[in-house]
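Chains as they are written, first to last, in my numbering: chain G, 1 to 259; chain A, 1001 to 1216.
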């Protein structure tokens, strides 16, 4: 049983089809990087996986539990609100623009959902949140507000916020795209650390060198299709498809990531 | 009649003005949130109904609305109007009218909260009610303080409209005193009261805005 499974998903916005019959499975402990040009559908795929966007066709499963399936006509039907609420607890999402709650302190950004959604005890959650912040190198920032932090710090708070929910897996939607180049390294380092701890992750990214280093599997998307998929040394270093080669040629100058 | 006795008489009316002001705010601010939510409802009939209500409340004179509320029990239900009804009619009329304006301000404030805030809350599993009260509402409050300040200041001056249903507040009283004395001094004194009160309101709202500047 896969931890995450999205099968034959199709999605259109009006006349524009952004996902064509795409399927992705992710196993426990796996790190999957999704790469591709803008408009390739990779963010939409992530938004369908995290249920921020509804699928037109296709099914979605977490730990074998059905969040969405196809009905007899082949259209997606979602599970009940109660089932979806439980299933949403299995994953966390880190946004490109962090989306921290600006009116909450750093600590409260982490603790609000575990206390009020998961109904866990405040003391236990706060202790865990402090530990998480320490791990993210944000010790002493508990009482700060998001706007007082740098972009890199804000994104680390966002990762800590997702982790404090104790999810089984994490999705990242271009987690370094809104950051200054000198700040991307600190985020990549955190993700690398999570990978070493065997956190299951799906990362949409433009950082090719990073994807090659950290991912177990790379998916290259273009025009709403999966063009190529496989081990990073195959897809990124020796791509088979012409379209993948064209895309990667633009990143040819990019070396390893500084940390 | 000396200046001090004029001031004393007007202070009596000022109490009524304050009374209308505070109770109108007390009722119209929460009602404005309800109006805003109804106005943004995905349930179309409610949405349209609220649009029509807001359109009428903003498109007709407040004075007329006060008169309609005041005489409604008599003309619609045939109930004889009691002396105490005047106060309630004034508060109902003012509150509903101001709720329409506040509702539109709140709606703009709610819609101004970035969609990413809703999405982050959704992914974390917050219910719709939790998302509204914990995430959207506090950010909306901060956004709407400047336009709400405008409305509150207007309300201070609009309380004088209560004269339409013969509810004697400060301005009506000032006019009466001015007529008795054949002097415009009472009107100036009333004007000074309005100004000082609004100065305090603007100052208080400015303080509130500053207190909320810890987040962007």
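All C-beta atoms in this analysis are idealised placements derived from N, C-alpha and C, irrespective of residue type, glycine included.
Once the 5 residues before and after residue 71 of chain G are set aside, which same chain residues still bring their CB inside 6 Å of it? When the five nearest sequence neighbours on each side are left out, the beta carbons in the same chain lying within less than 6 Å of the beta carbon of residue 71 of chain G are those of 77, in order along the chain.
Mind checking if residue 1134 of chain A is an interface residue toward chain G, Cβ cutoff 8 Å exclusive? At a cut-off of 8 Å between beta carbons, residue 1134 of chain A contacts chain G.
When the Cα atoms are used, what is the spatial distance from residue 1004 of chain A to residue 1029 of chain A? The straight-line gap from Cα to Cα measures roughly 36 Å.
Which value, in whole angstroms, describes the spacing of the CA atoms of residue 133 of chain G and residue 142 of chain G? Distance between the alpha carbons of residue 133 of chain G and residue 142 of chain G: 8 Å.
Under the three-state reduction of DSSP, which class applies to residue 222 of chain G: helix, strand or coil? In this structure, residue 222 of chain G counts as strand in the three-state DSSP scheme.
Beta carbon of residue 1190 of chain A nearer than 8 Å to that of residue 1184 of chain A: It is not a contact, given that the beta carbons lie outside the stated cut-off.
Indicate whether at least one CB of chain A lies closer than 8 Å to the CB of residue 156 of chain G. No, residue 156 of chain G lies away from the interface with chain A (no Cβ there is under 8 Å from its Cβ).
Using CA coordinates, which residue listed in G/244, G/145, G/53, G/166 is at the minimum distance from residue 108 of chain G? Out of G/244, G/145, G/53, G/166, G/145 has the C-alpha closest to the C-alpha of residue 108 of chain G.
Just by C-beta distance, which residues in the segment 152-185 of chain G are closer than 7 Å to chain A? If the cut-off is 7 Å between Cβ atoms, the segment 152-185 of chain G has 165 near chain A.
Got a sec? Which residues, its chain only, sit under 7 Å from residue 1014 of chain A by beta carbon, not counting five neighbours each side? Closer than 7 Å at Cβ, skipping near neighbours: 1170, 1193.
Within 8 Å (strictly less), CB to CB, does residue 1066 of chain A reach chain G? Taking Cβ atoms only, chain G never reaches closer than 8 Å to residue 1066 of chain A, which makes this a no.
In terms of alpha-carbon separation, which member of A/1203, A/1070, A/1057, A/1067 lies closest to residue 1102 of chain A? The residue with the shortest Cα to Cα distance from residue 1102 of chain A is A/1057.
If we cut at 8 Å on Cβ distances, does residue 113 of chain G have a partner in chain A? Cβ-Cβ to chain A under 8 Å: yes for residue 113 of chain G.
Smallest Cα separation from residue 1212 of chain A: which of A/1138, A/1072, A/1090? If you compare the alpha carbons of A/1138, A/1072, A/1090 with that of residue 1212 of chain A, the shortest gap goes to A/1138.
Mind checking whether residue 30 of chain G and residue 173 of chain G have CB atoms under 8 Å apart? No, the Cβ-Cβ distance between residue 30 of chain G and residue 173 of chain G is not below 8 Å.
Nearest-angstrom Cβ-Cβ length linking residue 183 of chain G and residue 230 of chain G, presumed shorter than 8 Å: No, residue 183 of chain G and residue 230 of chain G are not in contact; Cβ-Cβ is about 31 Å, not under 8 Å.
Just the chain G side, please: which residues come within less than 9 Å of residue 1144 of chain A by C-beta, in chain order? Going along chain G, no residue has its Cβ under 9 Å from residue 1144 of chain A, so there is no contact; the nearest lies around 14 Å.
Would residue 1114 of chain A be called buried (16 or more neighbouring beta carbons within 10 Å of its own) or exposed? Flag for residue 1114 of chain A reads exposed.
Between the CA atoms of residue 1053 of chain A and residue 65 of chain G - distance to the nearest angstrom: Each residue's Cα considered, the two are about 46 Å apart.
Just the C-alpha distance for residue 1092 of chain A and residue 1199 of chain A, rounded to the nearest angstrom, thanks. Cα to Cα, residue 1092 of chain A sits roughly 26 Å from residue 1199 of chain A.
Residue 203 of chain G: first and last residue of the uninterrupted alpha helix (DSSP H) it sits in: Element bounds for residue 203 of chain G: not the alpha helix (DSSP H) but the beta strand (DSSP E), 200-204.
Starting from the Cα of residue 73 of chain G, find the closest Cα among G/57, G/82, G/41 and give me that residue. Answer by Cα proximity: G/57.
Against chain A, does residue 11 of chain G count as a neighbour if the rule is that its beta carbon must be under 8 Å from one of theirs? Taking Cβ atoms only, chain A never reaches closer than 8 Å to residue 11 of chain G, which makes this a no.
Does residue 1109 of chain A pass the burial test, meaning 16 or more other C-beta atoms within 10 Å, or should it be called exposed? Sixteen is the threshold: when 16 or more other Cβ atoms of the shown chains lie within 10 Å of the Cβ of residue 1109 of chain A, as they do, the residue is buried.
Determine, using beta carbons only, whether residue 97 of chain G comes closer than 8 Å to chain A. Residue 97 of chain G belongs to the set of residues whose beta carbon lies under 8 Å from a beta carbon in chain A.
Hey, residue 26 of chain G and residue 3 of chain G: beta-carbon distance below 8 Å or not? Yes, Cβ-Cβ distance for residue 26 of chain G and residue 3 of chain G is below 8 Å.
Closest residue to residue 69 of chain G among G/6, G/92, G/90, G/13 (Cα-Cα distance): Nearest C-alpha to residue 69 of chain G: G/6.
Neighbour list for residue 1148 of chain A in chain G, Cβ cutoff strictly below 8 Å: In chain order: nothing, as chain G lies at least about 17 Å away.
Counting contacts by CB-CB distance shorter than 8 Å, is residue 1152 of chain A in contact with chain G? Not one beta carbon of chain G lies nearer than 8 Å to the beta carbon of residue 1152 of chain A.
CA nearest to the CA of residue 160 of chain G, picked from G/168, G/177, G/130: Proximity to residue 160 of chain G across G/168, G/177, G/130 peaks at G/130, based on C-alpha coordinates.
Taking only the alpha-carbon atoms, compute the straight-line gap between residue 9 of chain G and residue 199 of chain G and give it to the nearest angstrom. Annotation: residue 9 of chain G to residue 199 of chain G spans about 25 Å, alpha carbon to alpha carbon.
Ranges of the beta strand (DSSP E) found wholly within the segment 130-205 of chain G, counting only runs of at least 3: Whole beta strand (DSSP E) segments, 3+ residues: 169-173, 200-204.
Which residue comes first and which comes last in the alpha helix (DSSP H) that contains residue 116 of chain G? Residues 106-116.
So which residues on chain A does residue 248 of chain G lean against when the C-beta distance must stay under 9 Å? Here the premise fails: no neighbours, minimum Cβ distance about 30 Å.
Please name the residue, chosen from A/1161, A/1143, A/1135, that lies closest to residue 1205 of chain A on a Cα-to-Cα basis. Of the listed residues, the one whose Cα sits closest to residue 1205 of chain A is A/1143.
List the DSSP bridge partners of residue 12 of chain G. Bridge partners of residue 12 of chain G: G/17.
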